[in-house]
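Peer 1: Residue numbers (the working numbering): -15 to 249.
Written as structure tokens, this is what we have:
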């Protein structure tokens, strides 16, 4: 893929309409108050036929899935590779699957570790990549310049805000405390009714098992209880991520999702 001239900006794009509530691959609502949902291990080839094909639409134009529109997916992941090769393989597979589905990648803008892997895999498969990185990390995280759109922010808060505003769903691959913080922030915002965008926890080789046990402990001790449920999707392999997101997108129409948000305020 030919090198593209990145666009340097710290201005947010227009705010997106909140997406539908997360659901498991079989369409049932995922709620910690009941149990963590596990999406089926669908092959990436099962991606809904209604998705736009690679290169068939301009960057930033939403792809239609027949219900909700998933144009971009935000991927949170580590700036290192970790000790398990399965983590890198999952990042590569996810990037290729996003490109195949015509879904853009929004990520932290770095060129190291799993961040670099998922970005290059998306780019090399012909997908659209948006990198968002704070200025103080451009050298430390080896900012990847060969992306379709590059946003350099003044701080971490602006970075996370822009990642949220430019994304229709969220995926957490293995990572460190930064990845954990980003995931928990989205879970919290969803819990408080601030958005209904799908959140997928990619539990590759059981990486997130300790975190899921912690959430279960919080539930057992009634710090997570009925009425303040934490909703998300758990998948065990990379091939299931995109199908799970598209399945969640069928959960409700945009009007229904907007009505659900309004009712919570």
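No residue lacks a Cβ here, since even glycine has one placed at the ideal position from N, Cα and C.
(1) Spatial neighbours of residue 103 within its chain, please: C-beta separation below 6 Å, excluding the five flanking residues on both sides.
(2) Which value, in whole angstroms, describes the spacing of the CA atoms of residue 69 and residue 155?
(3) Taking DSSP as the reference, what is the three-state secondary structure of residue 78?
(4) Taking a contact to mean a Cβ-Cβ separation below 8 Å, would you say residue 86 touches residue 105 in this structure?
(5) To the nearest angstrom, how far is the alpha carbon of residue 158 from that of residue 89?
(6) Tell me, please, whether the stretch 160 to 177 touches the stretch 49 to 67 by the rule of three or more beta-carbon pairs shorter than 8 Å.
(7) Counting along the chain, where does the alpha helix (DSSP H) carrying residue 171 start and finish?
(8) Whole-angstrom Cβ separation of residue 183 and residue 217, contact assumed at under 8 Å?
(9) Let me confirm a value: residue 6 is counted as buried when at least 16 other C-beta atoms fall within 10 Å, else exposed. Which label applies?
(10) Would you tell me roughly how many angstroms separate the C-alpha atoms of residue 176 and residue 226, rounded to the nearest one?
(11) Which partner residues of residue 154 appear in the DSSP bridge assignment?
Peer 2: Reading it off the structure:
(1) Here residue 103 corresponds to residue number 119 of the chain shown, with the count starting at 1. Once the five neighbours on either side are set aside, the close Cβ partners of residue 103 are 91, 113, 128.
(2) As a position in the chain shown, residue 69 is number 85, starting the count at 1. As a position in the chain shown, residue 155 is number 171, starting the count at 1. Between residue 69 and residue 155, the C-alpha separation is close to 19 Å.
(3) Working through the chain shown from its first residue, we reach residue 78 at position 94. Three-state result, residue 78: helix.
(4) Counting from 1 along the chain shown, the entry for residue 86 is found at position 102. Counting from 1 along the chain shown, the entry for residue 105 is found at position 121. Not closer than 8 Å, so no.
(5) In the chain shown, counting from the first residue as 1, residue 158 sits at position 174. In the chain shown, counting from the first residue as 1, residue 89 sits at position 105. The straight-line gap from Cα to Cα measures roughly 17 Å.
(6) yes
(7) Against the chain shown, residue 171 aligns to sequence position 187. Unbroken alpha helix (DSSP H) run through residue 171: 161 to 175.
(8) If you number the chain shown from 1, residue 183 lands on position 199. If you number the chain shown from 1, residue 217 lands on position 233. Going by Cβ atoms, the distance from residue 183 to residue 217 rounds to 7 Å, so yes, they are a contact pair.
(9) In the chain shown, residue 6 corresponds to position 22, counting from 1. Since pLDDT at residue 6 reaches only 35, below the 50 mark, its modelled position is unreliable, and no value is offered.
(10) Within the chain shown, the letter at position 192 stands for residue 176. Within the chain shown, the letter at position 242 stands for residue 226. If you take the alpha carbons of residue 176 and residue 226, they lie about 25 Å apart.
(11) Position 170 of the chain shown, counted from the first residue, corresponds to residue 154. Residue 154 is bridged to 58, 183.
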